[in-house]
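Residue numbers (my numbering): 1412 to 1702.
Okay, so here's the structure we're looking at.
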C-alpha cells in the first residue's frame, strides 16, 4: 500500500528552510511518510542526480521541480539555493540514496545555508551505515563512522594503521572496484582473526550480508565474481581490550623511557611489541609520575 502524503497536511515550518531528506537505499518502500510530504510541499528539490531522483518522485506522484546539486557544482548550487531561501521559498535536499551529507554531497551546502542564517531541518530515514551496523552484532558500545578510505593502497594502509588501537566498532563505505583490495589491506593491518561484516547492496534485489574473520574474506570474494559487485558497507569489530602489559613489554617501555621523550617512547614501544599505543602511553605516564 502506497503511503498517503495527505497524512501530513502541513509538513513545513513557517520560516523558509532547507530540509535534509533521507531517501531509500534501494527499496522504494523504505521512504517515510514525512519525507514524501516534505518533497511534495517544498518549492524545489535539490538532487544529486535529477534523472535518478525523478524516478522516486514519479513513483509517488510528486511533481516538485528539481535542481542538480552534486560534488562538482556544490558551491555554486549553494548560492542559488540560498537565494531561493531568501526569496521565501522552501527547499529539500536529497542524494541518490540514504541520508545526504554523510559521505555524499551536501555537507558544504548545509554549512553555507547555516552560515547564511537559514534553518536546516533533518528529515530522518534510511542510512546505509546504521542499517549495516544494526545487523552486525558488534555495536554493544559505541561506533566510529569512517566512511570511504583513501583510494590508493599506500594511503589506505596508513589510514588503517592509524585505527589499529580503536576499540569501538568501525563502519566503512567502499566502491566495487576497490572492495577486494580494501578488505585485503584490512586483513594485513588488523590481522586475520578480526571479525568483519560485509553488507552488499543493502535493501536491493541482490542484498547480501555476511560476517566472517578477515582472514576468510579473500576466499569468499574469489568464490563468486558477483560478490564484488554493488555498493558496500563494511562493519569491523573494534580492537580487543588489553587488560595490561606483559613483563617483556614493560621492560622495553622502561628502557625506551630512559632515552626518549614519553610520547616517542610509547610510539616506538608499540612498533616493537605490537601492544596498543594508547595503553603504552598511559603506562608511560604512570612510570614518569614523580614518586
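Glycine included, C-beta positions come from ideal geometry on N, C-alpha and C.
Cα-Cα separation between residue i and residue j, rounded to whole angstroms
i	j	result
residue 1487	residue 1631	44 angstroms
residue 1532	residue 1431	6 angstroms
residue 1612	residue 1438	10 angstroms
residue 1549	residue 1682	27 angstroms
residue 1578	residue 1659	23 angstroms
residue 1702	residue 1661	Because the pLDDT of residue 1702 is 48, which lies under 50, any placement of that residue in the model is unreliable, and the number read from its coordinates should be weighed accordingly. Residue 1702 and residue 1661: Cα-Cα distance of roughly 18 angstroms.
residue 1510	residue 1446	11 angstroms
residue 1559	residue 1466	27 angstroms
residue 1414	residue 1592	Note on residue 1414: pLDDT 49, under 50, position unreliable in the model; the coordinate value appears next. Their backbone Cα atoms lie some 42 angstroms apart in a straight line.
residue 1639	residue 1565	21 angstroms
residue 1425	residue 1459	26 angstroms
residue 1505	residue 1468	11 angstroms
residue 1694	residue 1519	41 angstroms
residue 1680	residue 1440	53 angstroms
residue 1581	residue 1646	6 angstroms
residue 1412	residue 1492	Legend: pLDDT at residue 1412 = 44, less than 50; position of this residue unreliable, value from coordinates given subsequently. About 34 angstroms.
residue 1512	residue 1427	20 angstroms
residue 1528	residue 1605	46 angstroms
residue 1464	residue 1690	48 angstroms
residue 1526	residue 1516	17 angstroms
residue 1472	residue 1585	33 angstroms
residue 1589	residue 1583	12 angstroms
residue 1610	residue 1677	36 angstroms
residue 1594	residue 1616	23 angstroms
residue 1542	residue 1614	9 angstroms
residue 1547	residue 1554	12 angstroms
residue 1562	residue 1485	22 angstroms
residue 1429	residue 1633	45 angstroms
residue 1666	residue 1551	38 angstroms
residue 1544	residue 1567	22 angstroms
The ligand FAD heavy atom lying under 7 angstroms from the CB of residue i
i	result
residue 1693	Only the bare structure without any ligand can be found here, which leaves the ligand FAD out of the picture.
CB-CB length for residue i against residue j, believed under 8 angstroms
i	j	result
residue 1688	residue 1576	6 angstroms
residue 1457	residue 1522	The pair is not a contact, with the Cβ atoms about 15 angstroms apart (cut-off 8 angstroms).
residue 1450	residue 1508	At roughly 15 angstroms, the Cβ-Cβ gap does not stay under 8 angstroms, so residue 1450 and residue 1508 are not in contact.
residue 1534	residue 1470	The pair is not a contact, with the Cβ atoms about 18 angstroms apart (cut-off 8 angstroms).
residue 1641	residue 1587	6 angstroms
Selected residue, minimal CA-CA separation from residue i, among the options
i	options	result
residue 1635	1520, 1619, 1647, 1466	1619
residue 1699	1684, 1664, 1685	1664
residue 1644	1449, 1483, 1622	1622
residue 1420	1657, 1524, 1453	1453
residue 1649	1679, 1607, 1567	1607
residue 1674	1692, 1497, 1605	1692
residue 1524	1489, 1507, 1512, 1513	1489
residue 1603	1515, 1624, 1497	1624
residue 1599	1609, 1554, 1587, 1569	1569
residue 1448	1455, 1434, 1429, 1422	1422
residue 1474	1485, 1483, 1455	1455
residue 1572	1498, 1685, 1633	1685
residue 1375	1443, 1697, 1587	Look at the range of the chain in this structure, 1412 to 1702, and you will see that residue 1375 is not part of it.
residue 1601	1544, 1501, 1651	1651
residue 1557	1514, 1642, 1587	1514
Residues bridged to residue i [DSSP beta-bridge criterion]
i	result
residue 1365	An answer regarding residue 1365 cannot be provided, because it is not within the stretch 1412 to 1702 covered by the chain.
residue 1629	DSSP output for residue 1629 lists no bridge partner at all.
residue 1537	Residue 1537 pairs with nothing; no bridge assigned.
residue 1456	1477, 1503
residue 1620	1610
residue 1430	1503, 1532
residue 1509	1434
residue 1559	1584
residue 1643	1585, 1611
> Just checking, does the segment 1665-1679 make contact with the segment 1622-1631 on the three C-beta pairs under 8 angstroms criterion?
Replying inline: no
> Below 8 angstroms, can you find three or more Cβ-Cβ pairs linking the segment 1533-1542 to the segment 1478-1487?
Replying inline: no
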